[in-house]
Structure formats: structure tokens, C-alpha cells
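Residue numbers (this note's numbering): 215 to 652. Every residue gets a Cβ at the ideal spot worked out from N, C-alpha and C, and that includes glycine. Single-structure report; data block below.
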Ligand code: FES
Ligand SMILES: [Fe+2]
């Protein structure tokens, strides 16, 4: 049961029902494009993917492709990935480095800042297209190493969009973390079905039994913000007191203790002391461990936070790791989406006596990558068959998401009913409905 819900500048939402039409109706797609995707700042990618002039990546969202690149002046810019001659897609790779962008069709060539500089047969045109045909720019801003774009007209600032949430998370240094894994699963469910899954802990005791060995989902703190953003803060390095307290540290607690140089044997019979011991150890030894914890309060040193930025950026993190979970809508099929999991780790300063504090089992022994990890794209069936994994926890979620979507398409189900532990989901849907005029 959620310990507390804190509302930042908004009324606590009234719990209600949610009709399934918003997940399965094809008519919602076009309306969502105009009312949701074009009115919000969208998390497009990582600053670390465009470190030098000419680096670029393409962010795909529904029918659009956004080309994000670093200009020779050093700033990061975004453009629709469309040649202004006859509309061909300009860039075909999802990521790379370029001196300029040259269209494959008639070889119009654009500078990194979007200016058209080369037109074969220039004299054939009634007027010089170089004076008027620039790549169409997209609003872009950066927060904490994350690149956001806005596809609408006259957007409010990213800082206004994030509101008090940005200051609340300011102690976390996502901008200093390194990408260690980049995965996308093609999954037969609506993008909101994924957001819903990551908006409540109600299911955790049942679908993720391993979590009782690492977090306390009985004492989570929920925060709701204007604009549909939500957060949950979960005590970590502990066990769930709903279940019998073990006499010895769990396997995951033992790993976490060893990572910071503490001996699990010292905590036999004292399992509930581990969380605070890890906090103090990080506070006292952070420098020698190679980490700067100065911007964080003690509870942040042990706990797992998850913040959902409306509409589709789900950030799950500790001081030493970040998962960006991002469902992107399919352009035509409401029963399908692409679900990205972008995993980053904080590596210690050089000379530290630990490799890193992964905090999460999957990346406990990952070395600093020498090159950027490849983008691995696969189907949900590969996860279900065990060929691919996005961590035990997310694999467990994926095992059900398509089943939930299938159930929503049944004549036997018309609306969901939400409880107090699903307050974040209610808040997300209230904001979605406000934008959609639903
Ligand atoms: S469509 Fe790009 S040069 Fe013609
Ligand atoms: Fe889950």
C-alpha cells in the first residue's frame, strides 16, 4: 500500500474508470498525434550520442523522423528528416557522423546547421532554392544530459514543462552517466499500456517476487505534478516488510554491501539496518569510491526512484544508474508500439577502488564500454522465449503486456477500474484526457 501521495500544485485526482477505447481505437492515433505528441516535449536521446560536430542520430516518433545533430558552432539542433526538394528522407542511418547531409535522390546537400548549400543544376530553377529551402527546424532543449524535442508551434520552455520536478531531481547526474545497453522491443500493445505498467507498484508483489529481496514497496512515496508527470520513491537496499524479514542479508543486499566495501556477515540478524548502513558508507566514503554524492540526501543514496515525464519518458534510477524506458507509438496500429530501454551507468572517477556501483543485478559487472553499444531491436517473442532479456523484471512485465492488450480488445471488457495504488496511472490518464478533450 502506497505510504503517501504528495501533490505538487494540483488537487489529488479522483479515482475512476478508464474506457478501453483509448487503447484500441485507430481513430485515437491521429488525435493523439495533434493533441499529445505535438504539444509536449519528447525525450529524443542522449547528449552523449552527439559529442562532436557532425555526429547525428534519428529519433523516430509515430510517422515522423527527427534528425538531431551537433553543429560546427557546438550547439545541438534538430530538423525534420526530410529533404526540401521533393520530400525524400534525407538521412537513412539511425546514427552516425557526417560532414554534411546529402540527399540520395538528386544530391541536394545541406550543412550541419540545416542550410541548403548544394543544388546540382542550380540554373534550372526559376529562383535559387538555397535562399529559401532550409531543413525544417524542430525546437530542442537539453536537461541533465537528455535531449528533448518539441514538434509543435511556439512551445513553452522545457524548464516550464518540467516544472518543480527538475529541481527535485537536480542532485542526480544523468549527464555524467555512460550508455551501457540500448534495446528496443517491438511489442503488440498500445504505448499507454506500457506507461500504465510503469505507473503502479500494485503488481510488483505478484509479478516480480524477487523485488521483496531488494526494495520496500510497502513504503513507497508517490508524487504527482502538474502536466501529467508523476514519480515514485521506493526505499532500496532493504526488504519488503510485508513478508517475513530474513535473518541474513538477501543475495542482492549482499551484493550491494560488497560494492561499497561492507561485509554482509556483519549484518546477520540486522537486515533492516542495511539501508542506513549503505547510506552512511556512501556518504562517508563516496570520494574514495569515486563518486560525488554531494547533491543528494541520505535516502537518495539507497533508494530507487522512478519518474514518468508525460507523455512517454519513464526514468528509473539510483545515483549510479539510469534506465530510460520509452514506449513509442506505432504510426497506424494502436495495438502495437516500440518500447526502448536505454541503460546508463555512473562509472567512478579514475583511481577509485571500485569498478562501479551498479546497484542493479544485471549490470553489476559491466566494464566501461570502449565503444557505443549497438542498438539491439527485437520482437517481444524473443523475450518470451528467453532469447533476449531486458532484465528479469522487465521480461516479467513483457510477459503480460500483450495479454493485457488482447484483453482490452475482448467483447468481455470495456473499462478499467483503478485503486489508490494506481493513483499515478489515474493522473497520467487525466492529463491525457484533458489534452485530447476526452
Ligand atoms: S528529393 Fe532530395 S534532392 Fe531531390
Ligand atoms: Fe512491473
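Leaving out five residues before and five after residue 247 in sequence, what residues of the same chain have Cβ atoms less than 8 Å from its Cβ? 276, 277
How many Å lie between residue 286 and residue 312 at the Cα? 11 Å
So the alpha helix (DSSP H) residue 259 belongs to, where does it begin and stop?
Looking at the DSSP string, residue 259 is not in any alpha helix (DSSP H); the run it does join, the beta strand (DSSP E), is 255-260.
Measuring only the C-alpha atoms, how far is residue 634 from residue 322?
57 Å
query = For the putative contact between residue 471 and residue 460, defined by C-beta atoms under 8 Å, what is the C-beta separation to the nearest angstrom?
reply = At roughly 14 Å, the Cβ-Cβ gap does not stay under 8 Å, so residue 471 and residue 460 are not in contact.
_Please give the ranges of any alpha helix (DSSP H) in the segment 269-325, keeping only runs that are unbroken, at least 4 residues long and fully inside the region._
none
Listed in chain order, which residues are found with a beta carbon closer than 5 Å to a heavy atom of ligand 1? 297, 299, 300, 302, 317, 319, 320, 322
Inset, instruction - Within 10 angstroms of the Cβ of residue 339, are there 16 or more other Cβ atoms? Answer buried if so, exposed if not. - result: exposed
Q.
Measuring straight from C-alpha to C-alpha, what distance separates residue 289 and residue 486?
A. 48 Å
Report back the beta-carbon spacing between residue 326 and residue 268 to the nearest angstrom; my notes put them in contact at under 8 Å. 6 Å
In whole angstroms, what separates the C-alpha of residue 601 from that of residue 260?
27 Å
Is it true that the segment 505-516 meets the segment 487-494, where meeting means three or more beta-carbon pairs spaced less than 8 Å apart?
yes
Measure from the alpha carbon of residue 541 to the alpha carbon of each residue in 258, 423, 437, then state which is nearest.
258
Verify the contact flag: residue 422, CB atom, against every heavy atom of ligand 2, threshold strictly below 7 Å. yes
**OP:** Report yes or no: do the segment 630-649 and the segment 448-457 share at least 3 C-beta pairs separated by less than 8 Å?
**Re:** no
| message | For residue 427 and residue 469, I'd like the C-alpha separation in whole angstroms. | response | 12 Å
request  = Starting from residue 454, follow the alpha helix (DSSP H) in both directions and report where the run begins and ends.
outcome  = Segment: none, residue 454 is in no alpha helix (DSSP H) and carries neither H nor E.
Open item on the list: Among the candidates 523, 589, 609, 562, whose CA atom is the shortest distance from the CA of residue 360?
Closed with: 523
Have a look at residue 699 and residue 548 and give me their C-alpha separation to the nearest angstrom.
With the chain represented from 215 up to 652, any question about residue 699 goes unanswered, as that position is not in the structure.
Determine contact between the segment 589-600 and the segment 530-541, defined as no fewer than three beta-carbon pairs at a distance below 8 Å.
no
Which ranges would you report for the alpha helix (DSSP H) in the segment 583-645 if only whole runs of at least 4 residues count? 594-598, 606-622
query = Rounded C-beta distance between residue 353 and residue 334? I'm assuming under 8 Å.
reply = Going by Cβ atoms, the distance from residue 353 to residue 334 rounds to 32 Å, so no, they are not a contact pair.
For residue 686, list the residues DSSP reports as bridge partners. Only positions 215 to 652 of the chain appear in this structure, which leaves residue 686 out of reach.
- request: Using only the heavy atoms of ligand 2, determine whether one of them is closer than 7 Å to the beta carbon of residue 411.
  value: yes
Report the three-state DSSP secondary structure of residue 411 (helix, strand or coil).
helix
Closest residue to residue 488 among 436, 544, 530, 430 (Cα-Cα distance)
430
Answer with buried or exposed for residue 406, where buried requires no fewer than 16 other C-beta atoms within 10 angstroms of its C-beta.
-> buried
Given this structure, state the Cα-to-Cα distance separating residue 500 from residue 507, to the nearest angstrom. 6 Å
Could you give the distance in angstroms between the alpha-carbon of residue 525 and the alpha-carbon of residue 336? 44 Å
Nearest neighbour of residue 309, chosen from 586, 563, 371, 599 [CA to CA]: 586
Quick check on residue 370: does DSSP put it in helix, strand or coil? coil
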